[in-house]
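K.L.:
If you scroll down you'll find the structure; I have some questions about it.
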Amino acid sequence: MIPGLAFPIPVDPATASWAIPVFALMALTTIVVLIWQTVRYFRDNRDDDQDARPGSDDAA
723 MIPGLAFPIP VDPATASWAI PVFALMALTT IVVLIWQTVR YFRDNRDDDQ
773 DARPGSDDAA
């Protein structure tokens, strides 16, 4: 890492040992929530309704 961009935060070794799993869990939770929201959006906004489509059988 570039030393000019890294700002060391003084912590004890016990804190450093559990910080990585905590941040990994936060990242995993974020991904799960984004996938869940995407699935919910597409389930709620399905375009399967034949009557709602323009030109289905209205001209007949």
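When you line the sequence shown up against my numbering, it's residues 723 to 782, in that order. Ideal Cβ positions, reconstructed from N, Cα and C, are used throughout, including at glycine. Note that the structure is predicted; figures quoted are calculated from it, not measured.
Using the C-alpha atoms, what's the distance from Trp-758 back to Asn-767?
P.N.:
Rounded to whole angstroms, Asn-767 to Trp-758 spans 14 Å at the Cα level.
K.L.:
Out of curiosity, what's the CA-to-CA distance linking Leu-747 and Phe-729?
P.N.:
Going by the C-alpha atoms only, they are around 23 Å apart.
K.L.:
Kindly indicate which three-state DSSP category Asp-770 falls into: helix, strand or coil?
P.N.:
In this structure, Asp-770 counts as coil in the three-state DSSP scheme.
K.L.:
Give every residue of the same chain whose Cβ lies closer than 8 Å to the Cβ of Pro-735, excluding the five residues on either side of it in the sequence, and list them in chain order.
P.N.:
Excluding residues within five positions, none has a Cβ falling inside 8 Å.
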